[in-house]
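> Numbering (my numbering), first residue to last: 46 to 849.
In this text, a Cβ means the ideal position worked out from N, Cα and C, and glycines have one as well.
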């Protein structure tokens with residue numbers, strides 16, 4: 046049995062180096078990667094406890110103040126006094142305050158560890174404004190408190206506990222990190238990976254800022270991971286290939302499944318840490334797969350019928366792989382651990398995969414034939430691509446030395462200072478060419494919609510005129526053909542399309558191209574999306590460009606409330622309120638709520654939402670409270686003269702839940718909508734109810750409004766009506782021009798709004814979650830219609846500018 050006490054903790058170094066150069070230990074402190082790595086380091090410690098067989102649950106909480114709490118039910122950090130420490134501190138304090146102090150430098154406490162060279166938790170402490178450590182161990186609960194990495198409250202006993210485990214609550218230091226706001230999606234992505242890779246552990250993630258939470262437990266392990274990756278794809282064979290070994294020194298797990306797409310998804314892990322660049326484990330896997338496939342191919346009658354050789358690259362089309370190895374003291378090519386270089390890993394992986402894959406083909410001949418047929422098609426495509434490539438090379442199509450005649454290049458030759466605008470059509474291209482600064486801005490007009498690379502093989506891709514023009518202009522080549530991202534000619538590639546349906550489609554096609562064929566350019570931060578304005582607004586003598594409806598409404602609100610006054614007439618006299626401070630805030634909340642109602646009204650009748658905002662309370666506790674709620678609504682509807690709407694309750698035996706059925710008759714047409722009881726405990730319902738409480742102050746008051754200093758006083762019924770009249774008044778005073786295309790702007794306007802580095806707004810394209818990105822691109826651009834329909838229905842509320 047392994048021991049884990051103070052003797053397991055080895056002391057190597059202090060924490061000052063971490064504070065001076067945090068990037069060396071935790072990653073970039075400006076782009077968010079280092080901030081989230083703080084959480085990952087603590088989670089990794091808990092996972093290591095799980096790998097050692099002492100932890101099966103982890104809870105992560107993002108608190109409302111952006112602090113983080115991580116709790117596990119492991120053994121708890123040792124609390125006894127460390128023998129080698131001259132000041133006789135507890136082992137827990139040493140772990141938190143000394144660099145390279147931990148239980149992972151020999152194999153007595155942990156056989157396998159994913160911790161970052163043992164620096165994890167002490168680095169988190171060093172880079173936190175404060176940290177509280179609670180330990181439950183040996184029937185007792187203990188507390189330690191730290192500020193800026195220094196121990197302020199040494200180990201003290203705070204009570205009894207029959208549980209075991211460690212709780213770390215910390216707040217990142219604002220003087221070190223430029224932004225301390227944690228992103229739920231980034232944490233969820235890593236936690237999801239860990240739950241797939243460690244099927245014996247459950248992990249919960251809760252965001253108290255939004256009340257969002259998820260529970261991660263995947264008993265299917267990496268096979269379930271493959272299902273997750275392929276959920277929007279059409280799989281070639283339903284049975285997932287899974288293999289593992291019995292070697293205790295190097296544990297191997299691999300899951301494989303092919304799908305009908307042309308893209309490969311291979312994700313490698315060592316001790317739960319992902320290797321973007323693969324390594325010896327991936328080399329072993331590819332060698333084994335090629336050998337096993339060729340053996341079945343030769344032994345069956347496929348080779349006689351097809352007369353074509355299969356090479357390793359032919360296996361990549363539609364291939365999904367999860368490869369996980371666990372071993373003591375793995376070696377990596379760099380501190381970032383993006384490539385495994387441990388030579389002893391290759392042979393065990395190769396032997397395991399080769400033997401098990403040969404067995405899989407023998408036991409599942411139908412699946413094997415489907416897989417080999419797919420690989421043979423890929424081999425034919427490779428041959429067709431080679432012939433097409435030879436032709437294009439002879440013509441010099443992919444040679445960046447002979448640039449396209451469409452390209453208006455810039456004078457600057459330094460890629461770091463150069464920009465390339467990809468614009469839609471010759472019309473916009475003409476305006477952009479006149480508007481640009483030719484010193485550093487190049488323009489490439491693209492004709493029509495480019496090829497959807499999600500549905501096309503490589504041989505189709507390199508004969509597409511627009512694609513080859515783009516490849517030629519960028520100068521990096523393309524995957525499968527002399528691809529060299531370091532030769533990129535422009536370090537800002539800016540997609541500039543119209544704000545209509547066609548423009549959005551072209552933008553998506555370009556993003557699909559970059560994601561599938563040149564992902565390194567996105568990862569390096571070289572791809573951007575221009576944000577041309579949707580409106581030009583003139584008020585008095587001031588002109589402004591606004592990028593969307595939200596900015597327009599904000600500007601209208603600011604202009605509208607400047608001269609407006611709310612008058613309340615009482616028996617004691619008249620109270621005059623300018624739209625400032627709390628009244629201005631409430632008016633703004635009313636506008637935001639109206640926007641919310643507009644979005645939600647596509648899935649539920651807006652009259653219910655308006656009634657909630659006007660104070661109607663819906664209580665789904667039981668049938669009696671529901672009936673009372675419906676009666677309150679009907680009384681409100683009668684008062685508001687809302688005709689043609691009938692509401693009653695429905696009970697589902699299957700779900701054992703109540704819902705509201707709303708029947709609306711308009712010009713003889715009947716529309717029925719249903720609202721599930723879940724809505725009445727949702728964030729939206731709470732929001733409208735809170736607004737109703739604030740508006741209640743102005744109910745049953747004699748309200749009057751002056752929309753401007755020079756306007757007449759007018760009687761109004763509600764505060765919300767006052768806001769509507771103010772917005773209506775300012776709308777008539779504004780001169781608005783809505784742009785539907787870049788071609789509508791003259792060159793000066795295009796430069797001023799979209800191309801001038803001093804004034805423009807660009808969106809940088811990034812990949813926070815590669816798997817989620819893969820799912821989205823497959824859903825939107827792939828062959829399957831049903832997942833795309835579901836995606837559109839689910840995200841309809843988020844669609845903007847759909848009136849084009």
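1) Taking C-beta to C-beta, are residue 763 and residue 749 nearer than 8 Å?
2) Hey, out of 123, 85, 492, whose CA is closest to residue 105's CA?
3) List the residues that DSSP assigns as beta-bridge partners of residue 469.
4) Which same chain residues end up closer than 8 Å to residue 255 when comparing Cβ atoms and leaving out the 5 residues on each side of it in sequence?
5) Where residue 704 and residue 725 are concerned, what is the direct C-alpha to C-alpha distance, given to the nearest angstrom?
6) Any idea what DSSP makes of residue 217, helix, strand or coil?
7) Of the residues 376, 393, 116, 687, which one's Cα is nearest the Cα of residue 214?
8) Identify whether residue 63 lies in helix, strand or coil by the three-state DSSP scheme.
9) Mark residue 357 as exposed unless 16 or more other C-beta atoms lie within 10 angstroms of its C-beta, in which case mark it buried.
10) On a Cα-Cα basis, can you pick out the residue from 466, 334, 388 that is closest to residue 401?
11) Could you pull out every unbroken alpha helix (DSSP H) segment of at least 4 residues lying fully inside the stretch 499-528, listed in chain order?
12) To the nearest angstrom, how far is it from the Cα of residue 340 to the Cα of residue 560?
13) Leaving out five residues on either side along the sequence, give the residues of the same chain with a beta carbon under 7 Å from the beta carbon of residue 568.
14) Just verifying my parser: in three-state terms, what is the DSSP assignment at residue 584?
15) Pick helix, strand or coil for residue 576, following the three-state DSSP scheme.
16) Using a Cβ-Cβ cut-off of 8 Å (strictly less than) and excluding sequence neighbours within five positions of residue 386, which residues of its own chain qualify?
17) Return helix, strand or coil for residue 326, following the three-state DSSP convention.
18) If you follow the alpha helix (DSSP H) that residue 392 is in, where does it begin and where does it stop?
19) Could you give the first and the last residue of the continuous alpha helix (DSSP H) run that contains residue 564?
20) Using a Cβ-Cβ cut-off of 8 Å (strictly less than) and excluding sequence neighbours within five positions of residue 761, which residues of its own chain qualify?
21) Kindly confirm or deny that the stretch 310-321 and the stretch 400-414 touch, where touching means at least three C-beta pairs closer than 8 Å.
22) Give me the DSSP bridge partner(s) of residue 808.
23) Using only CA atoms, which one of 138, 94, 142, 133 lies nearest to residue 120?
24) Can you list, in chain order, the residues of its chain whose CB lies under 6 Å from that of residue 351, leaving out five sequence neighbours each side?
25) Check whether the stretch 462-469 and the stretch 481-497 are in contact - that is, three or more C-beta pairs closer than 8 Å.
26) Leaving out the 5 sequence neighbours to the left and right, which residues in its chain are closer than 6 Å to residue 62 when beta-carbon positions are compared?
27) Taking the DSSP output, what are the residues bridged to residue 100?
28) Please classify residue 657: does DSSP put it in a helix, a strand, or coil?
29) Mind checking residue 558: buried by the 16 CB within 10 Å criterion, or exposed?
30) Just to confirm the assignment: which complete alpha helix (DSSP H) runs, minimum length 4, are found wholly within the stretch 644-701?
31) At a cut of 8 Å, does the stretch 69-86 reach the stretch 183-197 through at least three beta carbon pairs?
32) Which term fits residue 712, buried or exposed, when burial requires 16 or more other beta carbons within 10 angstroms of its beta carbon?
33) Rank 363, 258, 244, 125 by C-alpha distance to the C-alpha of residue 202 and give the top, closest one.
34) Tell me the DSSP bridge mates of residue 319?
35) Kindly indicate which three-state DSSP category residue 734 falls into: helix, strand or coil?
36) Going by C-alpha distance, which of 284, 549, 456 is nearest residue 534?
Let me spell this out:
1) Numbered from 1 along the chain shown, position 718 holds the residue referred to as residue 763. Numbered from 1 along the chain shown, position 704 holds the residue referred to as residue 749. No, the Cβ-Cβ distance between residue 763 and residue 749 is not below 8 Å.
2) The residue labelled residue 105 in the question sits at position 60 within the chain shown. Among 123, 85, 492, the Cα nearest to that of residue 105 is on 85.
3) Numbered from its first residue, the chain shown carries residue 469 at position 424. Answer is 491.
4) Residue 255 sits at position 210 when you count from the first residue of the chain shown. Hits under 8 Å: 229, 728.
5) In the chain shown, residue 704 corresponds to position 659, counting from 1. In the chain shown, residue 725 corresponds to position 680, counting from 1. As the crow flies, the alpha-carbon of residue 704 is around 10 Å from that of residue 725.
6) If you number the chain shown from 1, residue 217 lands on position 172. It is a strand residue.
7) To locate residue 214, count along the chain shown from 1; it is residue 169. Residue 116 is the option with its Cα nearest to residue 214.
8) One-based indexing of the chain shown puts residue 63 at position 18. Correct three-state label for residue 63: helix.
9) Position 312 of the chain shown, counted from the start, is the residue given in the question as residue 357. Classification for residue 357: exposed.
10) Translated into the one-based positions of the chain shown, residue 401 becomes position 356. Measuring from the Cα of residue 401, the nearest candidate turns out to be 334.
11) 503-506, 510-519
12) Against the chain shown, residue 340 aligns to sequence position 295. Against the chain shown, residue 560 aligns to sequence position 515. Distance between the alpha carbons of residue 340 and residue 560 is about 34 Å.
13) One-based indexing of the chain shown puts residue 568 at position 523. Excluding sequence neighbours, residue 568 sits near 812.
14) Along the chain shown, read from residue 1 onward, the residue named residue 584 stands at position 539. In this structure, residue 584 counts as strand in the three-state DSSP scheme.
15) Counted from its first residue, the chain shown places residue 576 at position 531. Looking at residue 576 - three-state DSSP - the assignment turns out to be coil, as it is neither helix nor strand.
16) Walking along the chain shown from the start, residue 386 turns up at place 341. Closer than 8 Å at the Cβ level, and outside the excluded window around residue 386, lie 324, 325, 376, 377, 378.
17) Within the chain shown, the letter at position 281 stands for residue 326. DSSP places residue 326 in helix when its eight states are reduced to three.
18) Translated into the one-based positions of the chain shown, residue 392 becomes position 347. 391-408 is the extent of the alpha helix (DSSP H) around residue 392.
19) As a working mapping, residue 564 is identified with position 519 in the chain shown. Looking at the DSSP string, the run of the alpha helix (DSSP H) that includes residue 564 is 564-568.
20) The residue you call residue 761 lines up with position 716 of the chain shown. Contacts found: 748, 749, 750, 767, 770.
21) no
22) Within the chain shown, the letter at position 763 stands for residue 808. BP columns for residue 808 point to 574.
23) Translated into the one-based positions of the chain shown, residue 120 becomes position 75. Comparing Cα-Cα distances from residue 120 to each of 138, 94, 142, 133, the minimum goes to 94.
24) The residue labelled residue 351 in the question sits at position 306 within the chain shown. Closer than 6 Å at the Cβ level, and outside the excluded window around residue 351, lie 421.
25) Contact holds: three or more Cβ-Cβ distances are below 8 Å.
26) On the chain shown, position 17 is the one that residue 62 refers to. Cβ within range, chain order: n/a, list empty.
27) Within the chain shown, numbered from 1, the residue matching residue 100 stands at position 55. In the DSSP output, where bridge partners are listed per residue, residue 100 has none listed.
28) One-based indexing of the chain shown puts residue 657 at position 612. Helix, per DSSP.
29) Taking the first residue of the chain shown as position 1, residue 558 is located at position 513. Under this definition residue 558 is a buried residue.
30) 651-658, 668-684
31) no
32) Residue 712 sits at position 667 when you count from the first residue of the chain shown. When all chains shown are included, residue 712 counts as exposed.
33) Translated into the one-based positions of the chain shown, residue 202 becomes position 157. Selected option, being the one with the closest Cα: 125.
34) The residue you call residue 319 lines up with position 274 of the chain shown. The partner list for residue 319 (beta bridge, DSSP) reads 314.
35) As a first step, residue 734 must be located in the chain shown, where it is residue number 689. Helix.
36) Reading the chain shown from its first residue, position 489 is the one you call residue 534. Comparing Cα positions, the closest option is 456.
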